[in-house]
Amino acid sequence: MATIEATLSSVVPEVLGRGDYKIIGEMVTNGAKVLDLGCGEGDLLAWLVDRRDVQARGVEISPEKVLKCVGHGLSVFQGDIDQGLADYPDKCFDYVILSQTIQETRRPRNVLREMARVADRLIVAFPNFAHWSVPVSLMTSGRAPKTRHLPYEWYDSPNVHFVTILDFEETLAGLGLTIEQSYFLQGDRRIRWLPNMRARIAVYMVRSGVAKSD
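In this text, residue positions in the sequence shown follow numbering that gives the first Met the number 0: the first is 0, and each later residue adds one.
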């Protein structure tokens, strides 16, 4: 999708300046049915409604953030995505988005399966824990890694799993899911060479099919 690379520095500038949001904003087609999991305060959903005219739904675990979303006119419900998406029938969405949240889930493989069940396309973005700054931080400080893109102390980090690009692609293959597009980012710059070591953020578009069970 050439337009993503061509407009990476300009699309979605209003949405927190996040590189993953910029790419997701280009991936989603106009008028699509979209489910955003872990949607926070709804910044991305609001942009997609305004600029892509999508039929938007969101799931967020924080009651306070859900109230903010609803206050802005978004259809967002409180829920724990680790508990599944039983309220949604098969293939009821065109896209299901999970942006920088999969590392916070307790059962990420089950979350991916449920995403594949309810949508034709999965869009997943996550911080790459194999970025060179992470092992360097560990080796030089002797403490749990703390970097610019992973700024948490060990005791207050929301991250439950430490996923890398290689781990994620292996997991997709094990679930029988097909990668359609992948983008590896260092800020707004796309990384092509040694992304597992050099990219801070990875963004994938995945074709759902039928995810394999264990």
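For every residue, glycine included, the Cβ atom is placed at its ideal position computed from N, Cα and C.
Cα-Cα separation, Ala-1 to Phe-76: A caution first: Ala-1 carries a pLDDT of 37, below 50, which makes its placement in the model unreliable, though a value can still be read off. Taken atom to atom, the span from the alpha-carbon of Ala-1 to that of Phe-76 is near 34 Å.
Which residue comes first and which comes last in the alpha helix (DSSP H) that contains Phe-76? That residue, Phe-76, is in no alpha helix (DSSP H); its beta strand (DSSP E) goes 75–77.
Could you give the uninterrupted runs of the alpha helix (DSSP H) lying entirely in the segment 69–137, keeping only those of 4 residues or more? Counting only runs of 4 or more, we get 107–117.
Count the other CB atoms within 10 Å of the CB of Ser-35; is the residue buried (16 or more) or exposed (fewer)? A small fix is needed here, since residue 35 is Asp in this sequence, not Ser. Under a 10 Å Cβ-count criterion, Asp-35 is classified as buried, with 16 or more other Cβ atoms of the shown protein chains found around its own Cβ.
Alpha-carbon to alpha-carbon, Gly-78 and Arg-108: Whole-angstrom Cα-Cα distance: 18 Å.
Please classify Gln-82: is it buried, with 16 or more other beta-carbons within 10 angstroms of its beta-carbon, or exposed? Gln-82 comes out exposed.
DSSP three-state assignment for Gly-173, whether helix, strand or coil: Here DSSP, grouped into helix, strand and coil, assigns Gly-173 to helix.
I need the DSSP call for Glu-168, collapsed to helix, strand or coil. Here Glu-168 carries a helix assignment [DSSP, helix/strand/coil].
How is Gly-186 classed by DSSP in three states: helix, strand or coil? Three-state DSSP puts Gly-186 in coil, outside helix and strand.
Is the segment 116–127 in contact with the segment 48–66, if contact means three or more CB pairs nearer than 8 Å? In short, these stretches do not touch, since the Cβ pair count stays below three.
Rounded C-alpha distance that separates Met-26 from Asp-89: One alpha carbon belongs to Met-26, the other to Asp-89, and they sit about 22 Å apart.
Tell me whether the segment 60–72 and the segment 37–46 touch, counting them as touching only if at least three CB pairs, one residue from each stretch, are closer than 8 Å. Judged by Cβ distances under 8 Å, the segment 60–72 makes contact with the segment 37–46, as three or more pairs qualify.
What's the call for Gly-24, buried or exposed, on a 16-neighbour Cβ count within 10 Å? Taking a 10 Å sphere around the C-beta of Gly-24, we find 16 or more other C-beta atoms and assign the residue as buried.
Does DSSP put Ala-45 in a helix, a strand or coil? Ala-45: helix per DSSP, three-state reduction.
For Asp-49, count neighbouring Cβ atoms within 10 angstroms of its own Cβ and tell me buried if that reaches 16, exposed if not. Result: exposed.
Given a cut-off of 7 Å, decide if Phe-128 and Phe-161 are closer than it, judged by their beta-carbon atoms. Taking 7 Å as the cut-off, the Cβ atoms of Phe-161 and Phe-128 count as close.
Spatial neighbours of Ala-198 within its chain, please: C-beta separation below 7 Å, excluding the five flanking residues on both sides. So the qualifying residues of the chain are Asn-127, His-130, Ile-164, Phe-183, Leu-184, Gln-185, Ile-190.
DSSP on Asp-155, reduced to helix/strand/coil? In the structure shown, Asp-155 adopts coil according to DSSP, grouped into three states.
According to DSSP, is Ser-207 helix, strand or coil? Ser-207 falls in the coil class under three-state DSSP.
List the DSSP bridge partners of Ile-200. Ile-200 has Pro-126, Leu-184 as its beta-bridge partners, per DSSP.
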